[in-house]
Amino acid sequence: MGRTQRIVLYDTLLQRFSREELLAVVAHEMGHWRGRHLAAGVALEALGTFAALFLLNFATNRMGLAGDFRIIPLAFLFMLLVTTAAAPPQNAISRAKERQADAAALELTGNPEAVISLQQSLAQANLSVVRPHPLLKFALYTHPPTMERIEHALEFENN
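The sequence shown begins at 0 in numbering that gives the first Met the number 0 and counts up one residue at a time.
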């Protein structure tokens with residue numbers, strides 16, 4: 000965000016992956032830039048935080064506890080519960096943005112083999128669960144599982 004925009008490739012990425020895979024990484028990140036995903040994510044987080052704090056303020060005023068330091072543990076508990084409840088929808092939005100960036104990588108590179116190879120290499124390096132249980136994906140995954148990403152690349156290749 001801001002006036003300076005860049006894609007950073009770390010040395011470990013440069014050492015581990017082929018030129019074609021690196022191009023897929025850059026194209027994926029360009030997809031995030033093209034979709035303005037970072038700005039949208041920051042705006043959504045700010046809106047959610049504002050809403051949660053507004054509700055907390057409303058509740059403490061309603062209970063006559065505004066300004067009472069004893070409310071601090073309850074406020075922390077409230078924010079923990081709100082954050083936990085908000086995680087699945089936030090993760091779903093994140094996965095959708097990742098799918099868009101994956102589609103951009105396929106479109107920009109025209110190289111589904113490189114995208115598939117990249118996903119396989121990343122899964123191996125990160126010891127990923129390539130096909131998690133749907134509830135695990137729903138609750139915890141900010142990125143589509145590896146097999147979904149590979150299947151999407153194969154669909155692109157076949158069309």
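For every residue, glycine included, the Cβ atom is placed at its ideal position computed from N, Cα and C.
query	result
In terms of alpha-carbon separation, which member of Met78, Val24 and Ala38 lies closest to Ala50?	Met78
On the CB-based measure, 16 or more other CB atoms within 10 Å of its CB, does Asp101 come out buried or exposed?	buried
Take Leu73 as the anchor and find which of Ile92, Ala85, Ala39 and Leu52 has the nearest alpha-carbon.	Leu52
Of all the options His31, Ile71 and Ala42, which has the alpha carbon lying nearest to the alpha carbon of Leu55?	Ile71
Would you kindly work out how many angstroms separate the C-alpha atoms of Ile149 and Ser120, rounded to a whole number?	12 Å
Do you know how far the Cα of Glu44 is from the Cα of Leu80?	16 Å
So does the segment 118–132 actually touch the segment 31–44, counting three or more Cβ pairs closer than 8 Å?	no
Please report the straight-line C-alpha distance between Tyr9 and Leu153, rounded to a whole angstrom.	28 Å
Would Asn60 be called buried (16 or more neighbouring beta carbons within 10 Å of its own) or exposed?	exposed
Considering only C-alpha positions, which residue in the set Gly109, Ala42 and Ala65 is nearest to Ile92?	Ala42
For Gln118, count the other beta carbons within 10 Å of its own beta carbon; 16 or more makes it buried, fewer makes it exposed. Which is it?	buried
Please go through the segment 112–148 and give each complete beta strand (DSSP E) segment of 3 or more residues, from N-terminal end onward.	none
Which of the three DSSP states, helix, strand or coil, is assigned to Asn110?	coil
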